Structure formats: C-alpha cells, structure tokens
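In our numbering, the protein residues as written are 15 to 529.
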C-alpha cells in the first residue's frame with residue numbers, strides 16, 4: 015500500500031455570499047498515487063482544488079501538506095509549498111517559446127541572455143526526459159499542438175519543483191494517443207512519489223488511470239474508495255444520486271433510411287483566410303446519428319456553419335432532402351428542417367439577458383401560433399414555453415429569469431428544447447455536452463436519441479471520443495479539414511479512431527460511394 019497522506023484538507027468550508035460551495039469537506043491524497051476527484055458541475059470539486067492551489071481561501075477548515083498545517087493565500091504561496099495546478103484553459107503566452115513560458119516569472123529572468131537561456135533549456139530538457147515529456151523547448155507556443163502545449167503547462171509545475179500536481183479535465187482536448195502519452199507521464203510522476211490529483215468527467219479514464227477516487231455531490235464529500243472497488247456505472251450513480259439511463263442503440267444491421275444530406279468536395283475558408291475544409295465529403299441518412307470525431311481546429315467549426323447555412327463554401331455542393339442548398343439563406347436552411355446546436359451556446363445560441371420564453375421564441379416568433387397581426391400572443395406563448403420547460407426538464411426560477419443565470423446543463427436543455435420543438439429533419443449538434451456533468455450530459459444524450467427514434471437525424475460533432483462512441487451509429491473522423499476515415503459503431507475502436515485523428519487516411523478516402 016502507498017504511504018501516508020501527503021495532502022489533507024479537513025473540514026473545509028467555502029461560502030460565496032449565501033451559497034455554500036464546500037460544506038465541511040474532508041479530502042486526503044497520498045504520495046505516489048493518482049487520485050481522481052469526481053462530481054457534477056457545481057458539486058464543489060473545482061472550488062476545493064482552487065483552495066488547494068491558492069486561487070481561493072477557505073472560509074473555515076485547515077489544509078495540511080506533508081503532515082504540517084499550511085496557509086495558502088495565493089497561487090504563489092501554493093507553488094512555494096509545492097502545489098502546482100494545470101488548468102483546462104492553458105495559461106501560456108503564444109508568442110514566447112516553450113522554454114520562455116516555463117521560466118516566465120523567475121526573478122533572474124530579467125537579466126537573461128543567450129547563455130542563461132541555453133542553460134535553462136538544458137535544465138528543462140533534462141526534466142522532460144526524466145518524465146517522458148517530449149516538447150520542442152525552442153518553438154513558440156503557437157506552433158505547438160494542443161498536446162504539446164499541455165506538456166509545457168505540466169513542465170511549468172515540474173520545473174518549479176511541484177510535489178502536488180492538480181490537473182483540471184486533462185484530456186478534454188487530446189487525441190487518444192496524446193491521452194495515452196499523458197497517462198505515461200502521470201505514471202512517471204507517481205513513481206517519483208508525487209501526488210497527482212485530476213478532476214475529469216471521463217469515467218473510463220478514471221478507471222484506467224487512477225489509484226483512488228473521491229466523489230463530491232452538492233458541496234459534500236460522498237465517498238473515497240480504491241478504484242479497484244468500483245466501476246463506471248456505480249461512479250455515475252454516486253455523482254448524480256441516481257442510476258444513469260442506458261441509451262437505446264439501433265441493432266447492428268438496421269436498414270438506413272433515405273439519403274438526407276449530401277456534401278460533396280466542400281472547400282471552406284476560415285475567418286482568417288486559410289482553408290479550413292478541403293475536398294470534404296459526407297452523407298447523412300434518415301434516422302441515424304453520425305458522429306464526427308477529431309482534434310479541435312481541424313475544420314469542425316467551419317463545417318458545422320456551412321451545413322447550418324451560416325457560412326458559404328467556396329467550392330463544392332450541398333444537397334438536403336433533394337434540394338440544392340449552396341445558394342440558400344440561413345432561413346432557407348431552417349425552413350428546410352435543419353436545426354443547429356452551436357459550439358458556444360451563450361455566444362451564438364442563446365440571448366443571455368433574455369428569459370426562457372423569449373429564447374424559445376427566437377426561431378418561431380413569425381409563426382401564426384406565436385404571433386397575431388404582427389403582435390406576439392403573450393398569454394399563449396407563456397403557457398407554451400412553460401410546457402416546453404417542463405417537457406425538457408429545464409430548471410429555472412421563472413420563464414423570465416435571464417438564461418445567463420441558469421446552469422450550463424439547463425441552458426443546453428433550453429437550447430435543445432427550442433431546436434427539437436421545430437421537429438427538424440437534421441440536428442447539427444456541436445459539442446452538445448461540453449462542460450456538462452454526467453447527469454446533464456445524459457439528459458442531452460437522451461434528447462438526441464429521442465429525436466433519432468422519432469425519425470430525425472443527428473450530425474454529432476464532438477472532440478469527446480467517449481461521447482462519439484456512445485451515441486453514434488456511424489463515425490467519421492476529420493483531420494486537416496477532410497474526412498479521413500469512416501467506421502460503423504460496432505466495429506469502431508479507440509485505437510483505429512486515434513490513428514485517423516492523427517492523420518492516417520482510410521484507403522477509401524473517408525467517404526462511401528452514394529448512388
């Protein structure tokens with residue numbers, strides 16, 4: 015068994031006004047272990063780790079490191095105590111090199127010269143070799159892949175001598191291969207006696223990589239156990255307080271419906287002028303969920319916007335339900351039966367300052383059911399919106415409460431309620447559960463399955479490979495703006511998808527022939 019507790023947080027309380035984010039929480043982790051901290055959004059796990067790393071200070075309670083009580087007033091204090099945190103959103107300066115980012119903030123760095131920097135690079139490379147972290151220390155951050163940037167963040171903590179390393183959703187933007195690489199690094203840290211704590215929503219990775227697991231719910235610590243004592247289903251139940259409903263997949267070999275969407279040889283330009291999609295072809299049939307897997311930045315955003323009518327292709331064709339859509343307007347796409355869940359729900363999906371009723375009306379306010387003689391039917395619309403809120407289990411204090419005040423899960427369910435209520439033929443869902451906890455994500459998945467079983471289709475674009483594997487009847491993999499592989503759900507493996515995501519192209523060219 016591993017050694018005694020290197021981190022102890024006893025009776026931790028954190029209040030934000032009248033809200034209690036941490037309620038008498040006890041948390042313990044050992045030296046030489048990988049400890050997973052789980053919980054729904056709002057459960058308090060991030061708040062707890064922010065107190066350990068000095069971002070917040072506890073209202074009450076005590077923190078012990080190496081058996082001695084410490085007071086951590088800031089991230090600088092935390093680093094002096096050996097605590098380093100790698101945030102989900104990297105904190106790097108794009109124009110500086112990896113080495114410059116790693117040493118940034120050192121007092122001696124203001125006197126640095128070529129010789130000093132060369133010496134620092136050698137120190138960094140030695141640490142990188144020790145922990146199996148392959149990075150190009152002399153390249154600017156903007157030239158590095160997402161996986162390499164994460165390694166730079168990890169190197170920042172190791173370079174400063176961190177003994178306690180906290181990772182926030184560490185694999186959310188990584189390919190399966192990069193995730194494997196990360197877990198090897200964590201194992202190397204563990205063997206050197208470091209304490210590794212990771213928060214994540216990916217239960218499969220928790221079971222694979224961790225030694226022990228702690229679960230929080232509603233600001234309280236529910237349980238801590240050895241990973242060998244549990245499984246994914248039980249962890250999900252502990253996190254949400256109830257069993258997670260299984261999703262009803264179509265049986266293998268189920269006949270497909272008619273061809274619904276056909277995109278051929280699309281070329282799409284990004285906002286800054288580069289080619290985002292080149293020679294991209296795909297097809298979606300009635301009554302299926304087609305998943306598109308890929309690392310961020312490979313053309314997914316531009317593809318979704320083209321297929322939703324928000325962006326025009328520079329070349330290629332789009333046909334939907336037999337109609338040529340290349341010159342169609344956004345309203346034409348909506349009226350044809352295409353719904354869209356955008357990547358950022360609050361930036362381009364919902365109006366944060368408006369209430370639920372107004373947001374539900376955004377696409378249907380012109381209809382006769384919602385408007386009469388140019389005026390909104392206020393009483394009828396309030397009753398209609400209340401019915402939708404109940405039907406889709408959107409939890410809001412009132413229909414007029416600004417949606418910016420709702421949780422991410424309730425915002426997403428409201429957005430789905432509006433889009434699904436239009437009875438779309440095709441739902442383009444981009445990262446539909448990004449940032450959502452297990453319970454909220456399962457609710458969103460059930461809504462997408464309900465649409466599929468009612469005869470609609472879903473084009474699911476997600477960087478979460480577990481989500482793609484869980485939902486899709488057919489999986490396409492995008493790399494460098496092209497579809498490089500296609501797999502049926504029953505034959506798909508993480509390894510094969512990972513190869514495609516890394517750019518290994520299918521011999522068929524990534525698309526089947528449709529006559």
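Built from N, CA and C at the ideal position, the CB exists for glycine as well. The structure presented is a predicted model; accordingly, all values stated were derived computationally and were not measured.
Return the first residue and the last residue of the alpha helix (DSSP H) that residue 351 is part of.
Premise fails: residue 351 is in no alpha helix (DSSP H) and is neither H nor E.
Where residue 185 and residue 308 are concerned, what is the direct C-alpha to C-alpha distance, given to the nearest angstrom?
So the alpha carbons of these two residues sit roughly 13 Å apart.
Taking the runs of the alpha helix (DSSP H) that are 4 residues or longer, which of them lie wholly in the region 380–468?
As far as the region 380–468 is concerned, its whole alpha helix (DSSP H) runs of at least 4 residues are 392–405, 422–435, 452–467.
On the CB-based measure, 16 or more other CB atoms within 10 Å of its CB, does residue 215 come out buried or exposed?
With 16 or more other Cβ atoms within 10 Å, it is buried.
So, for residue 402: in the same chain, excluding its five sequence neighbours on each side, which residues have a beta-carbon less than 7 Å away from its beta-carbon?
Excluding positions up to five away in sequence, the list reads 374, 431, 435.
Can you give the Cα-Cα distance for residue 513 and residue 192, rounded to whole angstroms?
Cα to Cα, the separation comes out at about 11 Å.
Return helix, strand or coil for residue 94, following the three-state DSSP convention.
Helix.
With respect to the beta strand (DSSP E) encompassing residue 240, which residues constitute its N-terminal and C-terminal limits?
234–240 is the extent of the beta strand (DSSP E) around residue 240.
Would you kindly report the start and end of the unbroken beta strand (DSSP E) that includes residue 213?
That run of the beta strand (DSSP E) goes 209–213.
Pairs of beta-carbons, one from the region 294–313 and one from the region 459–471, closer than 8 Å: are there three or more?
At 8 Å Cβ cutoff, the stretches touch.
Take every Cβ of the region 192–208, pair it with every Cβ of the region 75–92, and state whether three or more of those distances are shorter than 8 Å.
Short answer: they don't touch.
Beta carbon of residue 328, beta carbon of residue 340: below 8 Å?
Their beta carbons are not under 8 Å apart, which means residue 328 does not touch residue 340 by this criterion.
Considering Cα atoms alone, identify which of 476, 486, 414, 357 is closest to residue 188.
With distances taken between Cα atoms, residue 188 lies closest to 476.
Cα separation between residue 213 and residue 394?
Straight-line Cα distance between these residues: approximately 45 Å.
Output the boundary residues of the alpha helix (DSSP H) element that contains residue 485.
Unbroken alpha helix (DSSP H) run through residue 485: 479–485.
Count the other CB atoms, across all protein chains shown, that sit within 10 Å of the CB of residue 321; report buried if there are 16 or more and exposed otherwise.
Buried, because 16 or more other Cβ atoms sit within 10 Å of the Cβ of residue 321.
Cα separation between residue 384 and residue 318?
Whole-angstrom Cα-Cα distance: 29 Å.
Apply the 10 Å Cβ neighbour rule to residue 33 and answer buried if 16 or more other Cβ atoms are within range, or exposed otherwise.
Exposed, by the Cβ-count rule.
Skipping 5 residues on each side, what residues in its chain have a beta carbon closer than 7 Å to that of residue 316?
Cβ neighbours of residue 316 beyond the five flanking positions: 282, 284, 290, 291, 325.
Rounded to a whole number of angstroms, what is the C-alpha to C-alpha distance between residue 71 and residue 419?
Roughly 25 Å between the two C-alpha positions.
Do residue 169 and residue 39 have their C-beta atoms within less than 8 Å of each other?
For residue 169 and residue 39, no; Cβs fall outside 8 Å.
If we ignore side chains and look at the alpha-carbon of each, how far apart do residue 124 and residue 494 end up?
Residue placement at residue 124 is flagged as unreliable, the pLDDT there being 49, under the threshold of 50; the coordinate-derived value follows with that caveat. Computed Cα separation, rounded: 40 Å.
Assign residue 113 to buried or exposed, taking buried as 16 or more other Cβ atoms, counted over all protein chains shown, within 10 Å of its Cβ.
Buried: at least 16 other Cβ atoms inside 10 Å.
Between the alpha carbons of residue 45 and residue 179, how many angstroms are there, rounded?
Those two C-alpha atoms are separated by around 11 Å.
As a quick exercise: from 232, 417, 154, 353, pick the residue whose alpha carbon is nearest that of residue 361.
Cα-wise, what sits closest to residue 361 is 417.
Between the Cα of residue 414 and those of 448, 368, 426, 119, spot the shortest distance and give me the residue it belongs to.
Considering only alpha carbons, the answer is 368.
With three or more beta-carbon pairs closer than 8 Å as the criterion, would you say the region 160–177 touches the region 97–104?
Short answer: they touch.
My output table needs one value for residue 151: the three-state DSSP class, helix, strand or coil.
If DSSP states are grouped into helix, strand and coil, residue 151 belongs with coil.
Tell me the DSSP secondary structure of residue 228 in three-state form.
Three-state result, residue 228: strand.
Taking buried to mean at least 16 other C-beta atoms within 10 Å of its own C-beta, is residue 438 buried or exposed?
Burial call: buried.
Less than 8 Å between the beta carbons of residue 441 and residue 353, yes or no?
Yes, the pair counts as a contact, with Cβ atoms nearer than the cut-off.
What does the Cβ neighbour count give for residue 482, buried or exposed, with the cut at 16 atoms within 10 Å?
Residue 482 should be labelled buried.
Taking the DSSP output, what are the residues bridged to residue 84?
Beta-bridge pairing links residue 84 to 77.
Can you name the start and end residues of the alpha helix (DSSP H) that residue 359 belongs to?
Note, residue 359: alpha helix (DSSP H), 359–362.
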